[in-house]
Amino acid sequence: MVEGNPKITSWTGRDGALGYLDWWPISLGFNNLEWPFSDPQVRRAINFAVNRDQLVEVGWQGSGTPAKVPFPAFPPIRRFTDGIQDLIEQSGVGVYDIEKSAGLMEAGGWQKNGAGMWEKDGKTVKMAINIFGGFQDIGQVLVVQLQRAGFDASFRQISDAYDQMSQGEARAYITGHAGSVRDPYFTMRLYHSRFVQPTGTAAEHFWRWKNTDYDALVDEMGRTAPDDPRLHELFREAMAIWLNEMPSVPLLQWYHRIPHNETYWTNWPSAENPYINSAYWHRTWLLVLLGLQPAQT
């Protein structure tokens, strides 16, 4: 769009990321109650099958950032995530390694069938990944990566995608985390087992993962002040569990890429003039409307 129209601009003008970092990092999620995604080794194997750099390069034409944790890369949150880099490295999250993926599957009793798909007890790892419209670009790339690694993957954009995810009928899906901005608790609580509902029953947060030790740590985080050093300790303990179990596979940081047409109006929100973010659906359109200036007087 930017290349085809000289009047189109974005948060970063006509160059760069063409957007700004949002609080909604996206992951490949699962119904963790249902086989085979109930097996953390399968989830870890899927992690090693994903080439995040390729998702950015091909799906987003090089404008993006891989994610290794379900938190936005904001400075206040990095005060916490910087302290668990050793755990991230040990877990292998974000690492693209087909051989490690295959090793985990073979250790779990899976074998490649004639079509090159992992199979166990006559069943493949069937993944019809539910997506929203904004994921068509990376969705296609992700599916090919998973297929090449032996996972029976496809994707589908359907009108009731959210309902399918909420009810657990979608065994795999891509979605984001509307959680933490400064305090990691608000993302961590999304994975608390109090939100787990049986498949077929709508859930507010639909990762459907249970770990009582994790729950206890997150509950304690909720009772701890953000400036209490104890919060960092609790966060580290909880993330050690999360990274080992990998209830979702982090994919990418999310960017708001919203085009603006300067044919008739200028002074759209931008990195140079950030009077408001440009996510107008967050009830900020009036502020933008009052800030616009005519292109010609």
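Just remember that my numbering sits 1337 ahead of the position in the sequence shown, which is counted from 1.
Heads up, the beta-carbon is just placed ideally off N, CA and C, and yes, glycines get one too.
All figures in this text were calculated on a predicted structure; none of them were measured in a lab.
Residue 1571 and residue 1589 have their C-alpha atoms roughly 25 Å apart. The beta carbon of residue 1338 sits closer than 6 Å to the beta carbons of 1345, 1596 from its chain, once the five residues preceding and following it are set aside; these are given in chain order. Distance from the CA of residue 1416 to the CA of residue 1359, rounded to the nearest whole angstrom, comes to 18 Å. In the assembly as shown, residue 1539 is an exposed residue. Its beta-carbon has fewer than 16 other beta-carbons within 10 Å. In its chain, beyond the 5 residues on either side, no residue has a beta carbon closer than 6 Å to the beta carbon of residue 1610. Residue 1489 is bridged by DSSP to 1463. The Cβ atoms of residue 1445 and residue 1389 lie no closer than 8 Å to each other. Residues 1396, 1397 of the same chain have their beta carbon placed closer than 7 Å to that of residue 1474, with the five preceding and five following residues left out of the count.
Pairwise C-beta distances place the segment 1420-1429 out of contact with the segment 1359-1371, as fewer than three of them are shorter than 8 Å.
Taking a C-beta distance under 8 Å as the contact criterion, residue 1439 and residue 1468 do not qualify as a contact pair. At a Cβ-Cβ threshold of 8 Å, residue 1514 and residue 1407 count as neighbours.
For residue 1520 and residue 1575, the gap between their C-alpha atoms comes out near 14 Å. Rounded to whole angstroms, residue 1622 and residue 1485 show a C-alpha spacing of 44 Å. Collapsing the DSSP output to three states places residue 1601 in coil. In this structure, residue 1579 lies near residue 1551, with their beta-carbon atoms less than 8 Å apart. Between the C-alpha atoms of residue 1435 and residue 1587 there is a straight-line separation of about 17 Å.
Inside the segment 1412-1491, DSSP marks whole beta strand (DSSP E) runs of 3 or more residues at positions 1455-1457, 1463-1467, from first to last along the chain. With 16 or more other CB atoms across the displayed protein chains lying within 10 angstroms of its CB, residue 1382 is buried. For secondary structure counted as the alpha helix (DSSP H) over 4 or more consecutive residues, the segment 1567-1631 holds these complete runs in sequence order: 1567-1582, 1622-1628. Here residue 1418 has 1406, 1408 as same chain residues with Cβ atoms under 7 Å from its own Cβ, once five neighbours each way along the sequence are excluded. A distance below 8 Å between beta-carbons, with the five flanking residues on each side excluded, links residue 1457 to the following residues of its chain, in chain order: 1373, 1445, 1446, 1447, 1448. By the C-beta density criterion, residue 1342 is exposed, having fewer than 16 other C-beta atoms within 10 angstroms. For residue 1364, the secondary structure class from DSSP, reduced to helix, strand or coil, is strand.
In the displayed model, residue 1370 falls within coil according to three-state DSSP, outside both helix and strand. By the C-beta density criterion, residue 1490 is buried, having at least 16 other C-beta atoms within 10 angstroms. Under the three-state reduction of DSSP output, residue 1355 falls in the coil class, being neither helix nor strand. Membership of residue 1512 in the beta strand (DSSP E) is indicated by the continuous run 1509-1513.
Excluding its 5 nearest sequence neighbours in each direction, residue 1503 has C-beta neighbours in its own chain below 7 Å: 1539, 1540, 1543, listed in chain order. Annotation: the continuous alpha helix (DSSP H) that includes residue 1381 extends over 1377-1385.
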